[in-house]
Amino acid sequence: MNILVTGGAGYIGSVTVEQLIEAGHKVVVYDSLYKGHAESVHPAATFVQADLADKVAIAKALGDNKVEAVMHFAADSLVGESVQKPAKYFRNNVINTLNLLEAMQEAGVGRFVLSSTAAVYGEPESTPIKEDARLQPTNPYGESKLAIERFLPWYNGAYGLRWASLR
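Every letter in the sequence shown is one number past the one before it in my numbering, and letter 136, counting from 1, is 340.
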């Protein structure tokens, strides 16, 4: 399968890319290198250095590589910073994910995996946290990820997007 991995030059993304390549998938790493590192990009992966704010670059990466699925790891993820700069988190996490989903829909890419966070639970009532625990983020980072999770079912209903969210 041809899979585009956003944030594929970051820690979690690069480990995922390695596993996907070892499993025989063709992988496209899409990363701005804002936080990622070029040396972390697997040599067998196709590398696209671009920002998710760039809808044209996203569409080109999806089309040129005949992408069939997207795994989305690119995000700002510092809880403290999110409290100080909430607009940055909503723009980079939510708006850029909408850019990605729009480009996917236009390109006919119907599979999506979101790297979410336990921050969507806020202060959990018990641990380990069960997936059906109350969702009550206490910071903009968690809220931005929850916002994305909440609109994915709408994309399923409107466009048939098959999705999973990893917490």
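For glycine and all other residues, C-beta sits at the position ideal for the given N, C-alpha and C.
Values in this document were obtained by computation on a predicted structure and should not be read as measured data.
### Message
Assuming residue 297 and residue 279 are in contact, meaning their beta carbons sit under 8 Å apart, how far apart are those beta carbons, in whole angstroms?
### Response
Taking the first residue of the sequence shown as position 1, residue 297 is located at position 93. Taking the first residue of the sequence shown as position 1, residue 279 is located at position 75. About 5 Å separates the Cβ atoms of residue 297 and residue 279, confirming a contact at the 8 Å cut-off.
#### Entry: the region 300 to 319 touching the region 255 to 264, judged by at least three CB pairs closer than 8 Å
The region 300 to 319 makes contact with the region 255 to 264; the number of CB pairs closer than 8 Å reaches 3 or more.
### Message
If you measure between the beta carbons of residue 271 and residue 208, is that distance less than 9 Å?
### Response
Numbered from 1 along the sequence shown, position 67 holds the residue referred to as residue 271. Numbered from 1 along the sequence shown, position 4 holds the residue referred to as residue 208. Going by beta carbons, residue 271 and residue 208 fall inside the 9 Å limit.
### Task
Could you check what DSSP says for residue 343 in three-state terms: helix, strand or coil?
Counted from its first residue, the sequence shown places residue 343 at position 139. Secondary structure of residue 343 (DSSP, three-state): coil.
### Query
Straight-line CA distance for residue 257 to residue 333?
Taking the sequence shown and counting its residues from 1, one reaches residue 257 at position 53. Taking the sequence shown and counting its residues from 1, one reaches residue 333 at position 129. Looking at the backbone, the Cα of residue 257 and that of residue 333 are separated by about 33 Å.
### Task
In angstroms with no decimal places, state the Cα-to-Cα distance between residue 276 and residue 319.
As a first step, residue 276 must be located in the sequence shown, where it is residue number 72. As a first step, residue 319 must be located in the sequence shown, where it is residue number 115. Rounded to the nearest angstrom, the two C-alpha atoms are 6 Å apart.
### Query
Identify the residues that DSSP records as bridge partners of residue 366: which are they?
To locate residue 366, count along the sequence shown from 1; it is residue 162. Under DSSP, residue 366 takes part in a beta bridge, and its partners are 315.
### Message
Quick check on residue 242: does DSSP put it in helix, strand or coil?
### Response
Looking up residue 242 in the sequence shown gives position 38. In the three-state reduction of the DSSP assignment, residue 242 falls in the helix class.
#### Entry: Straight-line Cα distance separating residue 329 from residue 217
To locate residue 217, count along the sequence shown from 1; it is residue 13. To locate residue 329, count along the sequence shown from 1; it is residue 125. About 30 Å.
### Query
Do you know how far the Cα of residue 350 is from the Cα of residue 316?
Position 112 of the sequence shown, counted from the start, is the residue given in the question as residue 316. Position 146 of the sequence shown, counted from the start, is the residue given in the question as residue 350. Residue 350 has its alpha-carbon roughly 16 Å from the corresponding atom of residue 316.
### Query
With C-beta atoms as the reference, is residue 205 less than 9 Å away from residue 239?
Residue mapping note: residue 205 aligns to position 1 of the sequence shown, counting from 1. Residue mapping note: residue 239 aligns to position 35 of the sequence shown, counting from 1. In this structure, residue 239 does not lie closer than 9 Å to residue 205 by Cβ.
### Message
Would residue 366 and residue 314 be called neighbours here (beta carbons separated by less than 9 Å)?
### Response
For the purposes of this step, residue 366 is taken as residue 162 along the sequence shown, with counting starting at 1. For the purposes of this step, residue 314 is taken as residue 110 along the sequence shown, with counting starting at 1. Pairing residue 366 with residue 314 gives a Cβ-Cβ distance under 9 Å.
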